[in-house]
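Novice:
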Amino acid sequence: MSQPLKILPLEDRTVPATFVVTTASDVVNDSDSVLSLREAIIAANGSADIDTIEFNIPGEGTQIISVESALPAITAPVIIDGTTQPGSVNNTDPLAINSIIRIAIDGTNAGNAVNGLTLTGHSGSSISGLNIRNFSGAGIQLDSDLAIITGNFIGTNEVGTTAAPNGVGIRITGDNHILGGTLPDSRNLISGNSGDGVLIAEGATGNRLLQNFIGTAATGESAIANGGNGVTVSSGATGNFVGEVGVNAGNLISGNLGNGVLIAGNTNTVASNRIGVTVGATAALGNTLAGVAISGNSNTVQGDFTTGKYQTISGNGSDGVQLTGNSNQLIGNSIGVGPTGSGAIGNGRFGVFVSGGGNVIGPSLANSGNVISGNTSDGIRLSGTKATGTLIDGNSIGVDLAAEVDLGNGGDGISLRDGASSNRIGSLGSFLGNTVSGNTGHGIFIGTDNNTIEGNFVGINGPSTKAIANGGDGIHITGNSNTLAGKFVIGSRQTVSGNLGDGIVLAGNSNSVTGMRIGSGVDDLNTVVIANARNGLRITGNNNTIGGLAAGAGNRIANNALAGVLVESGTGNRILSNIISANGGLGIDLAPVGVTANDDQDPDAGANRLQNRPTLSSLTSGSTPTVQGSINSTPNRRFRIEIFANTAASGPEGLLFVGSIEVTSDASGNASFTASLSSIGSQFTTLTATATDLTTGDTSEFSDALSLTSTPVDPIPNPQPSPLGSVLLASGGGNTVQRYRFDTATAKTVEVSTLVPFPEFAAEVRGTVGDVDGDGIEDNILVTGPGGGDRLRILRGGSGTDLLNGGIFRTNPGEEFTNIGLFVAAADLDGDGKAEIVVSPDNGGGARIQIFRFQNGTLVQIGNFFGIDDLNFRGGARIAMGDINNDGTPDLIVGAGISGGPRLALYDGKSLTQSTPVKLIPDFFAFEPSLRDGVYVASGDMNGDGFAEIVLGGGPNGGPRVMILDGARSLQASTIDPSRPASLDAPLSNFFAFSPDLRGGVRVAVKNIDGDALADLVVGTGGGVSARVQTYRASLLNLVAPNAGPIQEAFTPFPDPLGLNGVYVG
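First residue of the sequence shown: 119, per the numbering used here; consecutive thereafter.
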């Protein structure tokens, strides 16, 4: 049924009003025809509706409203829109601020403790387009809720170039305000104020600061400092946001005299900002103190890592981030670098300083770790007894975001000091630890107790394929009861490799090291070798454990330049079930350095009490092989004997754990044993063993090696005599060549013959000797130098007649060699008794290597490739042959020519006929990389270990410096850092052959000139000086100190002017 119509009463309503300010005077006069700002505020306060205050003050330029006393507090919702003043322009610049502000409210004459605008007792107001300046209180006081503040200049002049300070820029005591926004016209400039730029007071919550410039000029490129902090979130203020994750939601907070952001409250967020840098985050514009300082709890400091926009906290005067409160988290920040995690913009002290507890530095989601690099001191410093329970995981520390570029911090990567105990660095979980590399000090320094270090990559890049060295040790521990661990699976081991000091130093007590890679790269097959420059581990403390008996506890300790494990001092250090191989020194070394002799009943003191080594005596083969052995040590003690198998390449250390047995010594200290072994593959050649006293925990060095045929193996095999060789000397100033040999009766080098192989060619020639035709006599192999093109000639060693049909062979490598010339080397690559010939171009040619075989009176090319991995390089190459890897086939050494750095490439001789030959080790620099003179090269076994040494001579324009690198050690340290000179890695000798003032370099050759077991050194002067030759007998040459032994002989092969450009030796 229908109802009759009714008339219902309505409440009183008013239409929202718009008040237009038409005068800059600060007056209240109801009878005049103009409206002042003071009058407009009073009028708006009289309405409960959201009124609008606009501006239309006559006159050009910015209209300055000079306030004579405090303006009325705004008690009702109102929109104050300064952009309505004629001539105003909103900001359109996506990066900076180009707005034009035409209304300025100036409080110079307003009195003390006076705010510019105060909002109180209501919600929903907005203020935009104003310049609010020179008030003794706050520029804007927000005691209300839900206000929106956009597009204002607060604390500067109207163009944002100089300070016009308020006491505080904006003070917030209410909730849910928005300062700024995500669009360019929302951006406030809050700079030049005497105190803080923005102060969020106790109890305020839900406030959001978005895209403001705080502490800078309108350009974002220079500072107009706030005198306090850029932003302060007071104690008791919760749930506020200084920036947000999202597009254009972060603030620029730079140049302030205090901290960039100070958080004293709890559960607040600092996100997506640029703090301490210019607007483009390309240069420092530091806050004087820290970038972000947090004394509150459970706050979050994060970047928008999902879009690759990391929050930048860099360039600040003190620390990037200070965490003195508890349970705060840092994720997705660039601290000390630019916003993409690259380019150092260091903070003035630490990247992150932590003195509170339970903080997390690193991810809660994948790929959300921090980049903490380029800072003046440590990347992360934990200090004080309250700094406990901290997790540092998933970060790049000392490198870029991709963990590929060195951006080292000036101190340690991570440092725990002054009682900061029970913290965790890295993890074995989904985020797989930190990359801590490239730092000037240690990678990780632990001066405290009960910390855990797991799953990190220290001294290498993220993929563990190359060194990014820390300048000190990888991990240096002076505290006690710390745990260093990795998982015994590929990709999960903690890796400590490539550092310039020791891999790990244990100077404290009762620490454990398990499941780690120390000196190797990405895998457990040791195919990527990244040596630490000193010992793998160095121990000076007591009762530490390296490895262990649990599954996966053993470490891989390989390729380190000195010892695998050096026990320098301390006792009770257990070294159990590890893989230890291919180290430059002993696998395990109890100081003093070198093999420690056993003594009856082992009474001596020292490192690990100088525990006696066991002796392996025989092997019984079968489906379950056994080894027999014995030990003499402390009477009536129980010992664990561990047995290891080794290959020829690994050395007599401990490549594969194959068995163990426990024995008890008798009253005389003797015990015999027969231990069952696991299956041993055919590639293994020796067995070794260690003994650990189960009472004291002392582990011995490795035993002498036992061959798998039960014959003891000498760790340095008896060298076989090298064949007596001839030396070919070629005049650097003409076309004459002399052949010399050593006269054993007179112990002098004597001339055998003089040759002019290219009579039509007046400039220099080069040569070497090699038995090309297999008749047992070394032939003379000669090539033309610069100006002679690509000519090659072979003259028989006996008769001096031509071996090649037509006499001259043109190598013609496909490049124009008219004015370039060649270098030449020779060696038997296929074991047929005939030497192959290798040629390379001189300066002006690419580093193309050609290999020829003599066949039917001509040369047949069997190899052709670029020896230096730079197809555009035109400095030529120098070459030499020598069996560096002791496999019976000579290998190829390629040195860069003039204008190149002293770069070396070593190629496996068995692969030289392949289109892409195999390198024995990565390329490295012979001398300092800054030198641009190239390098002369030679090779031969000079110490009788079967591995050819690498002999280097300074190139043209350089000094006559000679360096001899140990061939075997060069292979063991096979990831010589390309940025470091080889003299730091495997030097046997390093000296100047002639006056250091000479600048023609020095030419080098290695020949057995005296008929003993060792190859000897021959050197000749370089360009620009008279020809001079010196020989050094390897048996007298000092191969263990950085200088030469006595010169065996010195003579002048060519008189001037024939010898005015030095002499080539070959």
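The C-beta atom is built at its ideal place from N, Cα and C for all residues, glycine as well. Remember, it's a predicted structure, so these values are computed and weren't measured experimentally.
Give, in chain order, every unbroken run of the alpha helix (DSSP H) that is at least 4 residues long and sits entirely within the region 948 to 979.
Specialist: Segments of the alpha helix (DSSP H) lying fully in the region 948 to 979: there are none.
Novice: Do I250 and I218 have their C-beta atoms within less than 8 angstroms of each other?
Specialist: Counted from its first residue, the sequence shown places residue 250 at position 132. Counted from its first residue, the sequence shown places residue 218 at position 100. Contact flag unset, no.
Novice: Alpha carbon to alpha carbon, how far is N1061 from T804? Give it in angstroms, no decimals.
Specialist: Here residue 804 corresponds to residue number 686 of the sequence shown, with the count starting at 1. Here residue 1061 corresponds to residue number 943 of the sequence shown, with the count starting at 1. Roughly 23 angstroms between the two C-alpha positions.
Novice: In terms of residues, what are the limits of the alpha helix (DSSP H) holding A162?
Specialist: Position 44 of the sequence shown holds residue 162. Segment L155 to N163, the alpha helix (DSSP H) holding A162.
Novice: Give me the Cα-Cα distance between G1071 and T817, rounded to the nearest whole angstrom.
Specialist: By one-based count along the sequence shown, residue 1071 stands at place 953. By one-based count along the sequence shown, residue 817 stands at place 699. Rounded to the nearest angstrom, the two C-alpha atoms are 44 angstroms apart.
Novice: Could you tell me how far apart the beta carbons of I693 and T814 are, in whole angstroms, since I believe they sit closer than 8 angstroms?
Specialist: Reading the sequence shown from its first residue, position 575 is the one you call residue 693. Reading the sequence shown from its first residue, position 696 is the one you call residue 814. In fact, because the Cβ distance is near 13 angstroms, the residues do not count as touching under 8 angstroms.
Novice: Would you call N230 buried or exposed, if buried means 16 or more other Cβ atoms sit within 10 Å of its Cβ?
Specialist: Start at 1 with the first residue of the sequence shown, and residue 230 comes out as number 112. Answer is exposed; the Cβ neighbour count stays below 16.
Novice: State the Cα-Cα distance for the pair E339 and H594, rounded to the nearest angstrom.
Specialist: Counting from one through the sequence shown, the residue named residue 339 turns up at place 221. Counting from one through the sequence shown, the residue named residue 594 turns up at place 476. Computed Cα separation, rounded: 41 angstroms.
Novice: Determine the burial state of D1084: buried for a count of at least 16 other Cβ atoms within 10 Å of its Cβ, exposed for fewer.
Specialist: Residue numbering aside, residue 1084 sits at position 966 when the sequence shown is read from its first letter. That one is buried.
Novice: Examine the Cβ distances between the region 736 to 747 and the region 763 to 774 and report whether three or more of them are shorter than 8 angstroms.
Specialist: These segments do not touch.
Novice: With which residues is M1081 paired in a DSSP beta bridge?
Specialist: Position 963 of the sequence shown, counting from 1, holds the residue named residue 1081. L1070 and N1108.
Novice: If we count Cβ pairs, one from each stretch, closer than 8 angstroms, do we get three or more for the region 201 to 208 versus the region 251 to 261?
Specialist: Not touching, per the Cβ criterion.
Novice: First and last residue of the beta strand (DSSP E) that includes N692?
Specialist: Position 574 of the sequence shown, counted from the start, is the residue given in the question as residue 692. Reading the sequence as shown, one finds Arg at residue 692 and not Asn. That run of the beta strand (DSSP E) goes R692 to L694.
Novice: Distance, Cα to Cα, Y1182 vs S871?
Specialist: Along the sequence shown, one-based indexing puts residue 1182 at 1064. Along the sequence shown, one-based indexing puts residue 871 at 753. Straight-line Cα distance between these residues: approximately 16 angstroms.
Novice: For M634, which residues does DSSP report across the bridge?
Specialist: Translated into the one-based positions of the sequence shown, residue 634 becomes position 516. Bridge partners of M634: Q612.
Novice: Since N358 and N311 are thought to touch, with beta carbons under 8 angstroms apart, how far apart are those beta carbons, to the nearest angstrom?
Specialist: Position 240 of the sequence shown, counted from the start, is the residue given in the question as residue 358. Position 193 of the sequence shown, counted from the start, is the residue given in the question as residue 311. The Cβ separation is near 19 angstroms, so there is no contact.
Novice: To the nearest angstrom, report how far apart I875 and A943 are at their CA atoms.
Specialist: Numbered from 1 along the sequence shown, position 757 holds the residue referred to as residue 875. Numbered from 1 along the sequence shown, position 825 holds the residue referred to as residue 943. Per the sequence shown, residue 875 should be read as Pro rather than Ile. Computed Cα separation, rounded: 17 angstroms.
Novice: Would the beta-carbon of A668 fall within 8 angstroms of that of I697?
Specialist: Against the sequence shown, residue 668 aligns to sequence position 550. Against the sequence shown, residue 697 aligns to sequence position 579. No; because the gap between Cβ atoms is not below 8 angstroms, this pair is not in contact.
Novice: Determine the closest residue to N386 out of S849, G537 and G414, with distance taken between C-alpha atoms.
Specialist: The residue you call residue 386 lines up with position 268 of the sequence shown. For the residues S849, G537 and G414, the minimum Cα distance to N386 belongs to G414.
Novice: With a cut-off of 8 angstroms, do at least 3 Cβ pairs link the region 971 to 978 to the region 994 to 1009?
Specialist: These segments do not touch.
Novice: Which first and last residues belong to the beta strand (DSSP E) in which V139 is found?
Specialist: Within the sequence shown, residue 139 is the residue found at index 21, counting from 1. Start and end: T136 to V139.
Novice: Could you give the distance in angstroms between the alpha-carbon of A651 and the alpha-carbon of V360?
Specialist: The residue labelled residue 651 in the question sits at position 533 within the sequence shown. The residue labelled residue 360 in the question sits at position 242 within the sequence shown. C-alpha separation (whole angstroms): 46 angstroms.
Novice: Excluding five sequence neighbours on each side, which residues of the same chain lie with their C-beta closer than 8 angstroms to the C-beta of V145?
Specialist: Taking the sequence shown and counting its residues from 1, one reaches residue 145 at position 27. The answer, listed in chain order, is S154, R156 and E157.
Novice: Starting from E686, trace the beta strand (DSSP E) both ways and give me its first and last residue.
Specialist: On the sequence shown, position 568 is the one that residue 686 refers to. It is not in any beta strand (DSSP E) - E686 carries neither H nor E in the DSSP assignment.
Novice: Between the alpha carbons of V713 and A681, how many angstroms are there, rounded?
Specialist: Residue 713 sits at position 595 when you count from the first residue of the sequence shown. Residue 681 sits at position 563 when you count from the first residue of the sequence shown. Cα to Cα, V713 sits roughly 11 angstroms from A681.
Novice: CB D1134 to CB A1111, shorter than 8 angstroms?
Specialist: The residue you call residue 1134 lines up with position 1016 of the sequence shown. The residue you call residue 1111 lines up with position 993 of the sequence shown. Contact flag unset, no.
Novice: Please classify N227 as buried or exposed, where buried requires at least 16 neighbouring CB atoms within 10 angstroms.
Specialist: One-based indexing of the sequence shown puts residue 227 at position 109. It is exposed - the Cβ of N227 has fewer than 16 other Cβ atoms within 10 Å.
Novice: In three-state DSSP terms, what is I763?
Specialist: As a position in the sequence shown, residue 763 is number 645, starting the count at 1. Checking the sequence, you will find Ala at residue 763 rather than Ile. Correct three-state label for A763: strand.
Novice: Classify V978: buried if its beta carbon has 16 or more other beta carbons within 10 angstroms, exposed otherwise.
Specialist: Position 860 of the sequence shown holds residue 978. V978 is exposed by the Cβ-count criterion.
Novice: Just to confirm my understanding: we take N788, look at its own chain, exclude 5 residues before and 5 after, and list those with CB closer than 6 angstroms. What are they?
Specialist: Indexing the sequence shown from 1 puts residue 788 at position 670. Excluding sequence neighbours, N788 sits near N750.
Novice: Identify every run of the beta strand (DSSP E) within the region 318 to 400, keeping only runs that are complete inside it and at least 3 residues long; order them along the chain.
Specialist: Qualifying beta strand (DSSP E) stretches, in chain order: 326 to 328, 349 to 351, 379 to 381 and 387 to 389.
Novice: Please classify P1074 as buried or exposed, where buried requires at least 16 neighbouring CB atoms within 10 angstroms.
Specialist: Taking the first residue of the sequence shown as 1, we reach residue 1074 at position 956. So P1074 ends up on the buried side.
Novice: Taking the C-alpha atoms as reference points, what is the distance between E276 and I215?
Specialist: Taking the first residue of the sequence shown as 1, we reach residue 276 at position 158. Taking the first residue of the sequence shown as 1, we reach residue 215 at position 97. Looking at the two C-alpha atoms, the distance is approximately 12 angstroms.
Novice: Would you list the one or two residues that DSSP bridges to E172?
Specialist: Along the sequence shown, read from residue 1 onward, the residue named residue 172 stands at position 54. E172 is bridged to V138.
Novice: Between the Cα of G315 and the Cα atoms of N294, A322 and I288, which residue gives the shortest distance?
Specialist: Mapped onto the sequence shown, residue 315 falls at position 197. Checking every option, the nearest Cα to that of G315 belongs to I288.
Novice: Hey, out of S495, L847 and H295, whose CA is closest to Q1148's CA?
Specialist: Position 1030 of the sequence shown, counted from the first residue, corresponds to residue 1148. With distances taken between Cα atoms, Q1148 lies closest to L847.
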